[in-house]
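Heads up, the thing below is written out as structure tokens.
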Amino acid sequence: MNWLEALILGIIQGLTEFLPVSSSGHLELGKAILGVNAEKSLVFTVVVHGATVLSTIVVFYRDILKLIRGLLAFRLNEETLFVARIFVSMIPVIILGLFFKQEVEQFFTGNVMLVGSMLLVTSLLLALTYLVKRNERKISFVDSFLIGLAQAFAVLPGISRSGATISTGLMLGNRKANVARFSFLMVLIPIIGANAKDIIDGENGSAGGVGLIPLVVGFMAAFISGLLACRWMIGIVKKGRLIYFAVYCFLIGTAAIIAAAFFI
Numbered sequence: 001m002n003w004l005e006a007l008i009l010g011i012i013q014g015l016t017e018f019l020p021v022s023s024s025g026h027l028e029l030g031k032a033i034l035g036v037n038a039e040k041s042l043v044f045t046v047v048v049h050g051a052t053v054l055s056t057i058v059v060f061y062r063d064i065l066k067l068i069r070g071l072l073a074f075r076l077n078e079e080t081l082f083v084a085r086i087f088v089s090m091i092p093v094i095i096l097g098l099f100f101k102q103e104v105e106q107f108f109t110g111n112v113m114l115v116g117s118m119l120l121v122t123s124l125l126l127a128l129t130y131l132v133k134r135n136e137r138k139i140s141f142v143d144s145f146l147i148g149l150a151q152a153f154a155v156l157p158g159i160s161r162s163g164a165t166i167s168t169g170l171m172l173g174n175r176k177a178n179v180a181r182f183s184f185l186m187v188l189i190p191i192i193g194a195n196a197k198d199i200i201d202g203e204n205g206s207a208g209g210v211g212l213i214p215l216v217v218g219f220m221a222a223f224i225s226g227l228l229a230c231r232w233m234i235g236i237v238k239k240g241r242l243i244y245f246a247v248y249c250f251l252i253g254t255a256a257i258i259a260a261a262f263f264i
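Going by this note's numbering, the residue at position 192 of the sequence shown is 192; the numbering climbs one at a time, nothing skipped.
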């Protein structure tokens, strides 16, 4: 992987991590188009995911500080309840990461047909949000677990994590702004934990065939584009304009399936 490929893939990761179009799916499609070895570039995927985590922290730093202050008060309050819901939402993905990590990694081998099919599923999830009755109820503990199941399902390349979690929250009848905030904050601990585990296990001790410069370029590209996309996505959810992304995922998914069937 050269620096230009890293720049392109970093921008793809940063934009699509927050927009409901599947960052993992677009990364796999990008690798296939650029001819990047999917297995050797696993460390690059981890690095750019770390960059988008950092951009999330920057965008929501006030919320994060508020949650920390609430926890340090050592009493039951809105902040401790919110953090408790976050931990409930993490249960499915933790189980998946601890017991099914090798099975999950087998999906990230440049299978364009799988990515295209899952993008169609993402399109359907986003479209379904327009068929449910809206209300303004708060996210409950049961809602948190169901949103967590959606996040675990989104390990499949082509299933958008933000799309799956936000769609699930909206279909459960939760307030739009609360769903967007919960969706972006709930991913922080699982990704940080997964990256830390990989480092401890020694899986990412080297660049894995990816040079230092491409890693740095990819990280910066993902971080900057992630900042822009995160702020943009918050506004999109509040205005209820997810249908545009449903159409986009349908078109890209269909194109990927056709390409896999006839050209790849």
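For each residue, glycine too, the CB sits at the ideal point set by N, CA and C.
Asked: Cβ-Cβ distance between G35 and V217 below 8 Å; Found: no
Asked: C-beta contact flag for V121 and I159 at 8 Å; Found: yes
Asked: As assigned by DSSP and simplified to three states, the class of R241; Found: coil
Asked: V93: first and last residue of the uninterrupted alpha helix (DSSP H) it sits in; Found: E78 to F99
Asked: CA-to-CA distance, D143 to F87, given in whole angstroms; Found: 12 Å
Asked: A229 beta carbon less than 8 Å from that of L126; Found: no
Asked: G70 - containing alpha helix (DSSP H), residue span; Found: Y61 to L72
Asked: Same chain, Cβ closer than 7 Å to Y130, neighbours up to 5 away in sequence not counted; Found: I243
Asked: Candidates K138, F44, R62 and Q13, of which the one nearest F82 by Cα; Found: K138
Asked: Under 8 Å between C-beta atoms of V237 and V187; Found: no
Asked: Three-state secondary structure (DSSP) of A207; Found: Here A207 scores only 48 on pLDDT, less than 50, and its place in the model should not be relied on; the value that follows carries that caveat. Correct three-state label for A207: coil.
Asked: Close-in-space but distant-in-sequence residues of the same chain around F250 (CB under 7 Å, 5 per side omitted); Found: L120 and S123
Asked: Where A351 falls, given that 16 or more other Cβ within 10 Å makes a residue buried; Found: Outside the shown range of the chain (1 to 264) lies residue 351, about which nothing can therefore be said.
Asked: Neighbourhood of M118 by C-beta distance below 8 Å, restricted to the same chain and skipping five residues each side; Found: S22, G25, L156, P157, G158, I159 and G253
Asked: I257 to T80 span [Cα, whole Å]; Found: 45 Å
Asked: First and last residue of the uninterrupted alpha helix (DSSP H) at K31; Found: S23 to L34
Asked: Proximity of V265 and A259 at Cβ, strictly below 8 Å; Found: Because the chain is modelled from 1 through 264, residue 265 falls outside the range shown and cannot be assessed.
Asked: Distance CB(F44)-CB(A6) smaller than 8 Å; Found: yes
Asked: Under 8 Å between C-beta atoms of A164 and T52; Found: no
Asked: L19 versus S140 - alpha carbon distance; Found: 24 Å
Asked: Test item: CB-CB of P92 and L185 under 8 Å; Found: no
Asked: Span separating the alpha-carbon of G97 from that of G240; Found: 32 Å
Asked: Nearest-angstrom beta carbon gap, S55 and G226 [assumed within contact, 8 Å]; Found: 3 Å
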